[in-house]
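Undergrad: This note's numbering applies: residue 65 is where the sequence shown begins, and numbers increase by one. Even for Gly, the Cβ is constructed at its ideal location relative to N, Cα and C.
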Amino acid sequence: MSRFSSTTLLTWLTLSVPCVVCGQAVSPAQLQTSESASSSQQADDRRGEPIPAPIPPNAPRISKQTRLEIIRDFETQLVYARTAFPMGTKGLRLQGEVVTPSGIELQQALNLWGPAVKPGDPAHISFVQIKDDHIHFDINGGPVPRKKWYQHIQVSGANGPVTQTDVPQSNPHGSCVDLYFDKYVPEMTGVQLRALLYPVLDFKAHNKEQAYLDTVPPKVKEAIQAHRVLVGMNQEMVLHSKGKPPKKTRERDGETQYEEWIYGDAPADVDFVRFVGDEVVQVETMKVNGEKIVRTEKEVNLPKPEPDKEAKKEPQERPSNAPSLRRPGEDSQDVPKPADGPGLPPPAVPPPDLPQPPNGPGDRVVTR
Numbered sequence: 065m066s067r068f069s070s071t072t073l074l075t076w077l078t079l080s081v082p083c084v085v086c087g088q089a090v091s092p093a094q095l096q097t098s099e100s101a102s103s104s105q106q107a108d109d110r111r112g113e114p115i116p117a118p119i120p121p122n123a124p125r126i127s128k129q130t131r132l133e134i135i136r137d138f139e140t141q142l143v144y145a146r147t148a149f150p151m152g153t154k155g156l157r158l159q160g161e162v163v164t165p166s167g168i169e170l171q172q173a174l175n176l177w178g179p180a181v182k183p184g185d186p187a188h189i190s191f192v193q194i195k196d197d198h199i200h201f202d203i204n205g206g207p208v209p210r211k212k213w214y215q216h217i218q219v220s221g222a223n224g225p226v227t228q229t230d231v232p233q234s235n236p237h238g239s240c241v242d243l244y245f246d247k248y249v250p251e252m253t254g255v256q257l258r259a260l261l262y263p264v265l266d267f268k269a270h271n272k273e274q275a276y277l278d279t280v281p282p283k284v285k286e287a288i289q290a291h292r293v294l295v296g297m298n299q300e301m302v303l304h305s306k307g308k309p310p311k312k313t314r315e316r317d318g319e320t321q322y323e324e325w326i327y328g329d330a331p332a333d334v335d336f337v338r339f340v341g342d343e344v345v346q347v348e349t350m351k352v353n354g355e356k357i358v359r360t361e362k363e364v365n366l367p368k369p370e371p372d373k374e375a376k377k378e379p380q381e382r383p384s385n386a387p388s389l390r391r392p393g394e395d396s397q398d399v400p401k402p403a404d405g406p407g408l409p410p411p412a413v414p415p416p417d418l419p420q421p422p423n424g425p426g427d428r429v430v431t432r
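1. Near residue 320, which residues of its chain fall below 7 angstroms by C-beta distance, leaving aside the five closest residues on each side in sequence?
2. Taking 8 angstroms as the cut-off, decide whether the C-beta atoms of residue 147 and residue 157 are in contact.
3. Looking at residue 138: is its Cβ nearer than 8 angstroms to the Cβ of residue 189?
4. What first and last residue would you give for the alpha helix (DSSP H) that runs through residue 258?
5. Would DSSP call residue 324 helix, strand or coil?
6. What is the residue span of the beta strand (DSSP E) that residue 308 lies within?
7. What separation, rounded to the nearest whole angstrom, lies between the Cα atoms of residue 260 and residue 252?
8. Starting from the Cα of residue 197, find the closest Cα among 304, 349, 242 and 209 and give me that residue.
9. Could you check which residue in 335, 366, 154 and 356 has the C-alpha nearest to that of residue 240?
10. Give the DSSP-derived three-state secondary structure of residue 29 in the structure shown.
11. Give the straight-line distance between the Cα atoms of residue 181 and residue 305, rounded to the nearest whole angstrom.
12. Between which two residues does the alpha helix (DSSP H) carrying residue 268 extend?
13. Would you say residue 184 and residue 272 are within 8 angstroms of each other, going by their C-beta atoms?
14. Considering only the beta carbon of each residue, do residue 441 and residue 364 sit closer than 8 angstroms?
15. Looking only at C-alpha atoms, which of 140, 141, 353 and 172 sits nearest to residue 151?
16. Going by DSSP, what residue range makes up the beta strand (DSSP E) through residue 243?
17. Classify residue 258: buried if its beta carbon has 16 or more other beta carbons within 10 angstroms, exposed otherwise.
18. Whose C-beta lies closer than 7 angstroms to the C-beta of residue 256 among residues of the same chain, with five residues either side of it excluded?
19. Span of the beta strand (DSSP E) holding residue 356?
20. To which residues of the same chain is residue 357 closer than 6 angstroms at the C-beta, ignoring the five residues directly before and after it?
21. Could you give the distance in angstroms between the alpha-carbon of residue 289 and the alpha-carbon of residue 359?
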């Protein structure tokens, strides 16, 4: 009986295995769909939040409850900058995906006031204010120092109110960004607001490196991840790719002054990265076997701000009343032109309206 049961069980398992395999088989289309779904799910997990739905154009005004939730959710939140924030009260203005100032105007503001936050740097939202048609965000303390909560407290005693001495405020080094809407601030969720702020602030990056890589072109991103330097990069990109250089040299090639960053030591490969200004113009690699590789052809083109129009203006013509060495009433044709060199200056003649001294120079005048 036991032998018959074992044989029957073995036969049943042999016949059922193909059925199980057939039941688990999937088509290539289904496999591709599942892979794409899993990859998109992994992408959503990596970003931390799914892609939010856009705000409908006929959305009502933001409610009081949503105002409180947004302020509570966004204040003191750590983010990463996707663009440079200049110090000062103007800050940045964001409407749709257009950020102002940008290009040469942003570069001028950075040169004048200095950067509060650079692309990829961590920052925190210190203050949120929702107004009629825009939302104001202070970055890293904002451009204007705000009083602490304890500075608004007034203590009264038997001798009257006690005046509180103001604590000296440090010079603010923060910035701000204003998110503008067409008519009014509509009803939205926190996820939708993060998507609107994505051109300037990254809420999904996990570290500074990831936040910075999202701001550079794809070719530069691949090179930084591979720790390679491309001709055409700027110094910030090289720092993210290779780190701080152990050695630096400054030299001059004719009238061009350049700076070289040296990475590596013999007997390993040594890279010489040459900068002219802020741009890599040459990468020279010395291999262990003595081979020398020099790259000077531009490998990446970065967008550059347009030149300042004020700097292109031609010098103005000389004014008509410019100072001259001519005597009063003397024409330019009467000015003597020495043949061999500069002539002697004309003798000094006292003005006619001043009285001449009666005695010569050095004589003593006695008066009583």
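TA: Reading it off the structure:
1. 340
2. no
3. yes
4. Where residue 258 is concerned, the enclosing alpha helix (DSSP H) stretches over 254 to 260.
5. strand
6. Note, residue 308: premise wrong, no beta strand (DSSP E); not H, not E.
7. 11 angstroms
8. 242
9. 154
10. Outside the displayed range of the chain (65 to 432) lies residue 29, so it cannot be described from this structure.
11. 20 angstroms
12. Careful: residue 268 lies outside any alpha helix (DSSP H) and carries neither H nor E.
13. Judged by beta-carbon spacing, residue 272 lies within the 8 angstroms limit of residue 184, meaning their Cβ atoms are closer than that value.
14. There is simply no residue 441 to check, as the chain begins at 65 and stops at 432 in what is shown.
15. 172
16. 239 to 244
17. buried
18. 116 and 119
19. 356 to 359
20. 349
21. 20 angstroms
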